[in-house]
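Colleague: The sequence shown begins at 43 in our numbering and counts up one residue at a time. Just so you know, even glycine gets a beta-carbon here, dropped at the ideal spot from N, CA and C. Here the structure is a predicted model, which means the values were calculated and not measured.
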Amino acid sequence: MVTITDDMIVLFIVFLEYRMVAFISHMGTSTKCGHYVCHILRDDQWVIFNDEKVALSERPPKDLAYIFLYQRL
């Protein structure tokens with residue numbers, strides 16, 4: 043039987059690599075006004091999904107994101 047310690051888990055996590063593939067951000071002046079949109083990385087370009095509108099996002103606002111989604115490499 044093998045016992046896994048916290049040190050082993052931390053060491054394992056350090057060697058994993060991730061890539062951000064999407065994030066959710068808020069558009070509006072406050073959380074009471076506006077709505078959330080999703081930016082997804084597709085073919086090395088960021089695409090914004092805003093209700094029915096889908097378009098390339100030239101400067102995705104990663105600094106305003108609330109939720110980040112990562113893919114393990």
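(1) How long is the line joining the alpha carbons of residue 101 and residue 73, rounded to whole angstroms?
(2) Rounded to whole angstroms, what is the Cα-Cα separation between residue 82 and residue 76?
(3) Helix, strand or coil for residue 104 per DSSP?
(4) In three-state DSSP terms, what is residue 58?
(5) Grouping DSSP H, G and I as helix and E and B as strand, with all else coil, what is residue 74?
Modeller: Inspection of the coordinates gives the following:
(1) 22 Å
(2) 20 Å
(3) helix
(4) coil
(5) coil
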